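Protein chains in written order, with the numbering used here: chain R, 1 to 239; chain P, 240 to 478.
All C-beta atoms in this analysis are idealised placements derived from N, C-alpha and C, irrespective of residue type, glycine included.
These numbers were taken from a predicted model, which means no experiment stands behind them.
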DNA sequence: TGGCCCATGTGGGCTGGCGCACAGACGGAT
DNA sequence: ATCCGTCTGTGCGCCAGCCCACATGGGCCA
């Protein structure tokens, strides 16, 4: 099974939503890249050279505090892109981006992106709308961190992650996940145990699989649905 | 003392940073408006008609959870604008914006803003850079909510608020402030008491004045400085 | 097949922030 | 000058989530 036959840029929903003529303008510059768990796409202050459009990979954007604690501000999967600072003008951000699920994506050179963005067509419009959705997502995360329990946040994270997955289970250790959410590993272990007992999820060393999304939704806060709804409002072509 | 003699659009730092020719294109459409404590500039889902450029007023953007709890995601003063969803394309947002400090600002009709934004000049560039700064601010707030104590967050809030003020004290009750930060009123009372004792702030019924910003900084988390630094990096013309 | 590393399970003690309840006191309005 | 509503002070008990320490066991590699 060759790589060429199984991968296509239109697996990324943003790219898929572009009108054909607009897509053709950049398609030659789209470069398929493997994205491996732990790959650091950018670090604070580092100049970006590419924007990434994940297809099967998932990326986490997060902040690191001065004491070393982490907090994921949002995830990016096939519904989005990484590197909005390229067209927003800042070229870099104070946050970090790391691959959270191994997979593939397409990257686009800074120049090509700017060129396409600058022509004020559908691509610009789409990227700005996606950025607005991203803002809503980050803001929702802030409220979620402030008010919701670990159980709620964990459910929310699981649900939004399966939405970004074609299928199958996640290769994530509880340790890593706790790090992303900025909570103790033990707290995750405890909640995960409850969820397994309830039949919502299954897991073994380094793997989590969602068995009952509906059940999970009863545990999640409204943030999951709110973010999804806003993305659908802004970019109805997606999902 | 007439209103005309004491108010000018260039009291807003974004407007002031525009090149003269660019500023002239919109200046005729800028309308001075009073902004009173509690004024709701927009609610979730409500179609915006104007963008606001505060001069002496301060606005809070916040989320309300399904249980009625609030969480401020960011504030906007003379350094920024309210209503980015107008040029981002979504026209509305799931958040709310309310005036937190009485003052004035200039508003600009949706049409005029779009027209100026669409010409891809310095104004577009500036608004996008400001939006990126806003994203950084919201993301930092998320991390802050996750990891920092009420004392740290309170200090941070006070410091970033005085930065938006020409001078003088704040007309804010502890109750309102607790609501914004999404914490108990009693928690604010307690920390405020400690700060007063330390000589950092003074207050009486509904008023807070910052006496020792340097002292407050020793209590604040890095978020205050980080946000300020990022704004300075993206828009060096401002402060 | 055996060994080792790292992910997961479990328990105990601690504390920041919550919820509730009520007392005092400032200050605008009559 | 008085009154009353609202803002501020304070004291409980409570619990989610923290930090720390250690036991167990799965899975990869030699």
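Point to revise | Whole-Å CB distance - residue 35 of chain R paired with residue 104 of chain R, under 8 Å assumed | key: With a Cβ gap of about 6 Å, residue 35 of chain R and residue 104 of chain R count as contacting.
Check your understanding: Can you tell me where the beta strand (DSSP E) with residue 38 of chain R in it begins and where it stops?
Key -> Note, residue 38 of chain R: premise wrong, no beta strand (DSSP E); not H, not E.
Review point. Roughly how many whole angstroms lie between the Cα atoms of residue 89 of chain R and residue 364 of chain P?
Key: Straight-line measurement puts the Cα of residue 364 of chain P at about 7 Å from the Cα of residue 89 of chain R.
Check your understanding: Shorter than 8 Å from the beta carbon of residue 3 of chain R to some beta carbon of chain P?
Key -> Since pLDDT at residue 3 of chain R reaches only 47, below the 50 mark, its modelled position is unreliable, and no value is offered.
Review point. Just the Cα atoms here: how many angstroms apart are residue 1 of chain R and residue 167 of chain R?
Key: Because the pLDDT at residue 1 of chain R is just 45, under 50, the model does not fix this residue reliably, and the value given afterwards should be weighed accordingly. When rounded, the distance between both Cα atoms is 19 Å.
Exercise for review: On the DSSP bridge assignment, give the partners of residue 448 of chain P in chain order.
Suggested key: In the DSSP assignment, residue 448 of chain P forms a beta bridge with P/441.
Point to revise | Element boundaries [alpha helix (DSSP H), containing residue 197 of chain R] | key: Taken as a continuous stretch (DSSP letters only), the alpha helix (DSSP H) holding residue 197 of chain R covers 185-197.
Exercise for review: Please report the Cβ distance between residue 37 of chain R and residue 102 of chain R, rounded to the nearest whole angstrom; I am assuming they are in contact, meaning their Cβ atoms lie under 8 Å.
Suggested key: The distance from the Cβ of residue 37 of chain R to that of residue 102 of chain R is about 5 Å, consistent with a contact at the 8 Å cut-off.
Review point. Rounded C-beta distance between residue 311 of chain P and residue 403 of chain P? I'm assuming under 8 Å.
Key: In this structure, residue 311 of chain P and residue 403 of chain P do not form a Cβ contact; the two beta carbons are roughly 13 Å apart against a cut-off of 8 Å.
Point to revise | Proximity of residue 134 of chain R and residue 74 of chain R at Cβ, strictly below 8 Å | key: Cβ distance < 8 Å, so residue 134 of chain R and residue 74 of chain R count as in contact.
Point to revise | Collapsed DSSP secondary structure at residue 488 of chain P in the structure displayed | key: Because chain P is modelled from 240 through 478, residue 488 of chain P falls outside the range shown and cannot be assessed.
Exercise for review: Using a Cβ-Cβ cut-off of less than 9 Å, give me the residues of the stretch 317-350 of chain P that come near chain R, in sequence order.
Suggested key: Flagged, chain order: 323, 324, 326, 327, 328, 329, 331, 332, 333, 334.
Practice item. Output, in sequence order along the chain, the residues in the stretch 131-142 of chain R whose CB is closer than 9 Å to any CB in chain P. Key: For the stretch 131-142 of chain R, which is checked against every Cβ of chain P, the residues closer than 9 Å are 131, 132, 133, 134, 135, 136, 138, 139, 140, 141, 142.
Point to revise | Buried or exposed (CB count within 10 angstroms, at least 16 for buried), residue 453 of chain P | key: Per the 10 Å Cβ criterion, exposed.
**Study point:** For residue 297 of chain P, the three-state DSSP class (helix, strand or coil)
**Key:** In this structure, residue 297 of chain P counts as strand in the three-state DSSP scheme.
Review point. Does DSSP put residue 313 of chain P in a helix, a strand or coil?
Key: In the structure shown, residue 313 of chain P adopts extended strand secondary structure according to DSSP, grouped into three states.
Check your understanding: Is there at least one Cβ from chain P nearer than 8 Å to residue 239 of chain R's Cβ?
Key -> Chain P places no beta carbon closer than 8 Å to that of residue 239 of chain R, leaving this residue out of the contacts.
Check your understanding: Around the C-beta of residue 410 of chain P, are 16 or more other C-beta atoms found within 10 angstroms, so that it is buried, or is it exposed?
Key -> Answer is exposed; the Cβ neighbour count stays below 16.
**Study point:** DSSP state of residue 108 of chain R mapped onto helix, strand, coil
**Key:** Of the three classes helix, strand and coil, the one that applies to residue 108 of chain R here is strand, per DSSP.
Review point. What is the DSSP secondary structure of residue 336 of chain P, counted as helix, strand or coil?
Key: Assignment of residue 336 of chain P by DSSP, reduced to helix, strand and coil, places it in the strand class.
Exercise for review: Give the straight-line distance between the Cα atoms of residue 3 of chain R and residue 107 of chain R, rounded to the nearest whole angstrom.
Suggested key: Legend: pLDDT at residue 3 of chain R = 47, less than 50; position of this residue unreliable, no value from coordinates given.
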